[in-house]
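Written as structure tokens, this is what we have:
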């Protein structure tokens, strides 16, 4: 019977008609992007009574018809509601004739095929089993496991090759023409996984916006070489900005993307991205090159390598190597405040290991200045190399012993280097129960140096060292009680915590500074054994931290509705260990640190961070953030940030004061306004402003944005325009704005 041929034909047809979309966009569909589509936009011949799965190979075909004629067992004719079922497959027609001698079949009148993933209808179907050839006329098709539908005047399948004429494809609802791909002819080779289209057009509504006389594309998961959709934008600094990525499939496990980019006010730049993957290694090598920048007259570019490789079950190698041509590269070619404010570019490479009780690494690190206001030689010391080793093992239920160690060689082009060794063995006696814990710890820190000869004039010895005992006690309790909030049953916790730290004073002025600075004060720092990074300084301490945290948790879901913390360090002796140039501090206590995170409802969330200096009666830090969400696509963010300098010559001066407001506001089912304003109260100037709108339908979305932002350290502004047309399920045309909006608007979703 003919059913073995109609099903492969239908499958081949749907592969063909959806192939251009598969080639253009490999990302999986996000179901939320189809929210504006009709919920049941299926062809009228779709059947809902078919099973969702089944064993096709081992299932028998069931045939039924109103009339069944047999002529000398050479010809079979089925008429009236002809149905062929097998597992999840269904074939229907009004009339079906099968010639056993010629091995041909013909089906007429509402011919259709359906399985769990495909829905195909045609006016007529005929086939020759001996030549493995089948033909469908006036075909409509629809994908059921993804979005996509279309039409073809004729589809011919012969073996693993297919020829289709007057083909269309879209992800819009059937009958809608938001966008559509059309081709006069499509040829498919399923064995090679390649399709070719001739005289193809991409239409927005009824208007053709792109014409390709010839195009080649993959029809399965095998990657193929070819152009990706271009990116088009404009900015005041670079002018018109057009990039056209070209993908090159070199092998199954590595590929290359070349991106020619034309900037009207700078010239032509070439970008490249090489990716590789193996069972134990993966990575990406990327770079850009702009010869003779029209603005500066210099050759400019960048290069970067990110690599991860497994070296057995315990060891791996990691690399993140970066280089740019000049210190203004990120200002001119970056696209965010973060890029423009990048001062130092880090490169690291190392081998890392981890076992049940141990961890170790051997690495190298260097820096590159990317801030034109920083002088040569300002970059941190290179670490060539840095070795670390840590070991921690329980010796008993309440005894833990361990060691943390580091050996590093510092190198610099303009400053003398050294070798430093840091060794910290410790023993802890943790006692932990559900109601609380007590964690005493005792350790001894030994740090030693071997200085280069250039240090002889400033240091009494080339081998200074420091030996410091460290003792700490961390204790906490957990109390719980039933409570209520907004009419919901809650569980409230009360978590007092006491942390005592004792580190005898050890003079350290004879130790150089290589990688040490004072940490930014925060709630977490209340419980650290050292207020400095690196090993060049170990704080002296005779202090106790008292802190209290309370939480409200929904009993039904466990969701945290409120978290509030308050803490302060009380000092029992002056803090004599300081960085060079800083005076000894003799305070009764640190700033009071308070953090609050409150989820008022599914719509409202508020966060507050505050640091109050009781000695000067001033705020050292204030941060307020609030977010309101309504419906899945509406969000409003408000934030205020204030920070005062704490150390050095600028102590007690305001370092930062900003307000930040952003929103994505739906004004109808299809329209949404978008905006962000980041303003510096300290400088009385706008840092970044974004304004625009989105419009979308079931299968098409427009985004139009204007952006003004600080592009360099001098405070010069840049203006940019983003125009993006998204053909859902296919690709985006124009300058992609999704990454910009996700960074600028917390909680933004498409």
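Residue numbers (this note's numbering): 28 to 777.
Here a beta-carbon is modelled for each residue, glycine too, at the ideal position from N, C-alpha and C.
- Counted as a single uninterrupted DSSP element, the alpha helix (DSSP H) harbouring residue 765 occupies residues 765-771.
- Residue pairing by DSSP places residue 729 opposite 722, 752 in a beta bridge.
- Membership of residue 464 in the beta strand (DSSP E) is indicated by the continuous run 463-478.
- Between residue 136 and the set 164, 718, 697, the nearest pair of CA atoms involves 164.
- The residue among 652, 680, 661 with its C-alpha nearest the C-alpha of residue 668 is 652.
- By the CB criterion at 9 angstroms, residue 575 and residue 522 fall inside the cutoff.
- Taking 3 residues as the shortest admissible run, the stretch 247-289 contains the following complete beta strand (DSSP E) segments, listed from N- to C-terminal end: 258-262, 266-270, 273-278.
- Per DSSP, reduced to three states, the secondary structure at residue 522 is strand.
- The residues 301, 332, in chain order, have a CB closer than 7 angstroms to that of residue 312 in the same chain once the five nearest residues on each side in sequence are set aside.
- When C-alpha distances from residue 90 are compared across 106, 426, 202, the shortest belongs to 106.
- CA-CA distance, residue 503 to residue 654, rounds to 32 angstroms.
- Shown here for residue 86: same chain residues with a beta carbon closer than 6 angstroms to its own, the five before and five after excluded, namely 113, 114 in chain order.
- Cβ atoms of residue 666 and residue 647 stay farther apart than 8 angstroms, at about 18 angstroms.
- Two segments are said to touch when three or more pairs of C-beta atoms, one from each, lie closer than 8 angstroms; by this definition the stretch 262-273 touches the stretch 287-297.
- Look at residue 196 here: in three-state DSSP terms it is strand.
- Counting only runs that start and end inside the stretch 149-190, there is no alpha helix (DSSP H) element of at least 4 residues.
- When rounded, the separation of the alpha-carbon atoms in residue 736 and residue 630 is 30 angstroms.
- Looking at 142, 444, 501, the one whose alpha-carbon comes closest to that of residue 478 is 444.
- Distance from the CA of residue 554 to the CA of residue 639, rounded to the nearest whole angstrom, comes to 18 angstroms.
- A residue is called buried when at least 16 other Cβ atoms come within 10 angstroms of its Cβ; residue 480 does not meet this threshold and is exposed.
- For the 9 angstroms CB-CB criterion, residue 370 and residue 352 do not form a contact.
- Residue 360 counts as buried, since at least 16 other C-beta atoms from the protein chains shown sit within 10 angstroms of its C-beta.
- Residue pairing for residue 418: DSSP places it in a beta bridge opposite 385, 430.
- Between the alpha carbons of residue 566 and residue 307 lies a distance of about 43 angstroms.
- The Cβ atoms of residue 468 and residue 490 lie no closer than 9 angstroms to each other.
- Taking the Cα positions, residue 282 is about 29 angstroms away from residue 392.
- Beta bridge pairing from DSSP links residue 693 with 699.
- If you ignore the 5 residues before and after residue 96, its C-beta comes within less than 6 angstroms of the C-beta of 104, all in its own chain and listed in chain order.
- In its chain, beyond the 5 residues on either side, 684 have a beta carbon closer than 6 angstroms to the beta carbon of residue 708.
- As a beta-bridge residue in DSSP terms, residue 450 pairs with 432, 473.
- Put simply, the stretch 609-619 does not touch the stretch 577-590. Fewer than three CB pairs are less than 8 angstroms apart.
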